[in-house]
Amino acid sequence: MHAHPGAPPSRRRFLALSAGGAAAGAAALSGCALSTAGAASGGGSGESITMMVKLDDISPELIQQAQKELGIRITVVQDDITRLIAMLTNGNPPDLVRGLGAMDAPYFAARGVAEDLDPYFAKSTILKTDDLDPANDVWRFDGTTQGKGPRYGMAKDFSQDAMFWYNTARFDKAGVDYPSETEPITYEEWLENAKRLVQRKNGQTTVYGGSYNGVNLTILLTNLTAAAGGSLFSDDFSRVDFTSPEARKALTWYVEYAKTKTGPSLIQPNPDTWDGPTYVANRMAMSGNGYWLGGMINADPKIAKISRLAPAPVFEGGPRLSSCQAGTGMWMPKKARNKDAAWRVFEWFFGEAPAKGRAEGGWGIPTLKSLRPLMPQKEDYQKRVFKAQEAELKHFSVTPFTPYVKWDGMEALINQVMPAAMNGQISVDTLAGRLNSALNEQLKRGKEQVG
Amino acid sequence: MTVDQIPEVAERPRAVAGTGAVRSGGGSRTSMTARRHRAFYMFTSPWIIGFLLLTIGPMAYALWLSFTTFDGISPNWRYVGLGNYQELLSDPVTWDALGRAGLFAITSVPLSIIAGMMLAVLVNRPLKARGLWRTLLYLPAVVPPVGAGLIFKQLFNRDSGATNGVLNFFGIDAIAWLDDPYARYVILMTVLWAAGNIMIISLAGLQDVPRELHEAARIDGASAWRTFRSVTVPLLSPVLLFQAVTGMIASVQTIMPMLLAANATPAGVTSIPQSNYMYMMHVFAQYFALGRYGYASALLWVLFVLILIATGLIFKFTSGVVFYNVDPEAKK
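Which chain is which? The protein sequence lines are V and E, in order. At position 387 of the first sequence (counting the first as 1) the number is 387 in full-length UniProt numbering, and the numbers step up by one without a gap. At position 314 of the second sequence (counting the first as 1) the number is 314 in full-length UniProt numbering, and the numbers step up by one without a gap.
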């Protein structure tokens, strides 16, 4: 039946028109998503790229500078995994994406969404492979193991995150001997120190004895198990085993740390949400963070003068390892639309002005060996920290991570299972069994999906 | 201008008389009807387009996802039919989270309705500075939920919160409010804190209660409580039913206060105390931490159906006790 001119639209026709309008609206919204997503300003050559980063990774001034120097228009999109997945799914990903190399690199590489950057590195005159610090190996993945094979990204800076800072004034006050700046103490000694350093009043913790939570719990437990001489993952990274003697040792230590409530944990969250402000406020005697925290500590000379950086602790009889737990940097999606322009921005960000600025600020060790002399060494306390860090580099290694599950997924499951043991409701053995069951199920699903 | 010169009024008697569209004036009537229809559709189309685009579309997409193992990024996802729904039925974490959400709804909805109604009765009385009291009591409901959540998080922090500061002042040791077993009460307080919303609706209902009925009850010797119970509450019952239904729907979907009390990252949402790990937190964790889009979509569809059933049950069981003050003459 055809409607005659002037007749009202039938309900069916109206709904069909509305559906059409909705579809057109959806397409329009999808098309304009990027232009409304972030801050941008004009470039010169007409080339443009989209970077998905945290807004403090790159300041608006640096973006202006990049646009001026490179002639490439840069749109910044806030780092957000759900947005990234949406953009990857609709075939319009950012050209550069922020990531934690130590955990994200194998995940994205195994799913075939990350570009192999070896050909770009081979041609680059700014990022020469012989100038790359071994820490960048966290961004390599050979299809099975992290640390080998093609490079899928690069770290902007790095730290050996199992090292720890300590406040000598707090040690003096508690009458505790300072840890050596060259020889590692054991994890047990670290915990004993924390117990003696913690201060409480009226049921409140006024000074944390020590904080040791790693970049996140997942990578911390992976590294603690390696420090105990084992591996949390099976050889093909498709399973975890928390019941192995080494993993059990790591788990026991961490549960004990949480139980003593000497530092922040899942059952005693830090009101400041992370160590930096608490340590600088003189309310934390030890903080399990690597060199990068120096960027914040150096900003307050009073705290910097009483701070020392100590090597990563070891387990009795275990190897001396000091890996990087983050290696934060960027990768390029395989479906990026402007790869050449993205690479020019990549080179600039990792090898030119921003890289030099980061090196001079002390916010992490530069990932180009040639930039290392720029690390802060003017003041005595800076020289001291630099020396401790240089000595620790000899013990750097990559602790491979599974490609099958994103670290957030493992972390979410660990968060759910762990507090019962921390509160003393279940034993470490029961905890190990529950962790195996929850994580292996998720790993199995991940392996099926990677194929 | 006379009445006859107003086109719409002039046309109305013919339409009511049912004379059809053939005789004199039929063409203009058709055009008027068409214009009215067009106006109707023009005014409603933004809502209908929005409904299709932002409600039906995502719901249909979520339904499709719920039959898959899609995680947004991996190449080998597949259809699993009702597999996600079967898994859901045997997943104790899901049922525990649903149970907590149900318990939260059963507790928070009546409490906030009672609190809101009590406040409404209070500010309906001839008080001094009544307008000021009404404003003050309503103000917390105006505070954005994000702001309210963050305020509560700071207030109840064990080491730096004002609540423990007050306790310490009286020589009482600090309490870990944001941990079990206290965390559930803090969330309940954030909900009750915003009872001003319910107060405003109840106040509007109270002001609709005819004064003569109260006077008649007083003349008959009814006490204040009896008048409230037998006159005010029955007349407020449609308002209370509305609040119960919308409150139930909102409370089983509560997520914001818990999300704000948590470390609001995909992985951090599971670090909240177990008593606050309710259904929507579970959905959030499945979507954004575990990347299980299919399973999380199944969870949402099940919640949608459960809400429909619960709403139907509330209407069924309250049909005999809700009093609709309809003017019988108006029906004729």
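A virtual CB, placed ideally from N, CA and C, is assigned to each residue, including glycine. Here the structure is a predicted model, which is why all the values come from computation and not from measurement.
Residue i, buried or exposed, once every other Cβ within 10 Å from all chains shown has been counted against 16
i                      : result
V:A227                 : buried
V:K68                  : exposed
V:F346                 : buried
V:L96                  : buried
E:V309                 : Correcting the residue identity first, residue 309 of chain E is Ile in this sequence and not Val. E:I309 is exposed by the Cβ-count criterion.
E:S74                  : buried
V:L251                 : buried
E:M42                  : exposed
E:A204                 : exposed
E:F170                 : exposed
E:A60                  : exposed
V:P179                 : buried
V:L413                 : buried
E:T94                  : buried
V:Q425                 : exposed
residue 335 of chain E : Lying before the first or after the last residue shown, residue 335 of chain E is absent from chain E, which here runs from 1 to 332.
Chain-order list of residues whose beta-carbon lies under 7 Å from that of residue i (same chain, five-residue window excluded)
i                      : result
V:M296                 : G276 and V280
E:A141                 : A194, G196 and N197
residue 454 of chain V : Not covered by the structure: residue 454 of chain V. The range shown for chain V is 1 to 451.
V:T129                 : F121
V:F315                 : T186, Y187, A227, A228 and K249
E:S112                 : V191, L192, A195, I198 and G247
residue 540 of chain V : The question about residue 540 of chain V has no answer here: the residues shown for chain V are numbered 1 through 451.
Sub-9 Å separation of residue i and residue j beta-carbons
i      : j      : result
V:F401 : V:M103 : yes
V:L217 : V:F242 : no
V:Q377 : V:K369 : no
V:A110 : V:V450 : yes
V:V113 : V:G327 : no
V:Q204 : E:D159 : yes
E:L65  : E:Y293 : yes
V:L127 : V:M154 : yes
V:R283 : V:W165 : no
V:S322 : V:P311 : yes
E:V269 : E:L259 : yes
E:N84  : E:Y287 : no
E:P266 : V:D408 : yes
V:Y381 : V:K447 : no
V:D157 : V:W292 : yes
V:S231 : V:L443 : no
V:P134 : V:F396 : yes
V:R98  : V:G294 : no
Chain-order list of residues whose beta-carbon lies under 6 Å from that of residue i (same chain, five-residue window excluded)
i                      : result
residue 343 of chain E : Nothing about residue 343 of chain E can be reported from this structure: the residues present for chain E run from 1 to 332 only.
E:R35                  : none
V:A391                 : T182
V:Y254                 : none
E:D96                  : none
V:L435                 : F242 and V417
V:A174                 : R196 and L197
Proximal residues to residue i (C-beta, below 8 Å), its chain only, five neighbours per side dropped
i      : result
V:L371 : A355, K356 and A359
V:A28  : The predicted position of V:A28 is uncertain, since its pLDDT is 41 and thus under 50; a value taken from the coordinates is nonetheless stated next. Within the same chain, V:A28 has no close Cβ partners at all.
E:V146 : M256 and L260
E:P181 : S275
V:K195 : G209, T260 and T262
E:L206 : A120, V121, N124, T232 and L236
E:Y324 : P238
CB-CB length for residue i against residue j, believed under 8 Å
i      : j      : result
V:S211 : V:S287 : 5 Å
E:V233 : E:L213 : Incorrect: roughly 12 Å between the Cβ atoms, too far for contact.
E:N168 : V:N202 : 5 Å
V:E115 : V:M332 : 4 Å
V:E256 : V:L191 : 7 Å
E:L300 : E:A62  : 6 Å
V:G362 : V:N298 : 5 Å
Touch test, the stretch 180-189 of chain E against the stretch 213-221 of chain E, Cβ-Cβ under 8 Å, three pairs minimum: no
Are the stretch 185-193 of chain V and the stretch 147-154 of chain V in contact at 8 Å, needing three or more beta carbon pairs? no
Are the stretch 255-274 of chain V and the stretch 404-424 of chain V touching by the rule of at least three beta carbon pairs closer than 8 Å? yes
If contact is defined by three or more beta carbon pairs under 8 Å, each pair taking one atom from either stretch, is the stretch 78-94 of chain V in contact with the stretch 51-61 of chain V? yes
Contact between the stretch 425-432 of chain V and the stretch 265-274 of chain E is defined here as three or more beta-carbon pairs at a separation below 8 Å; is this criterion met? no
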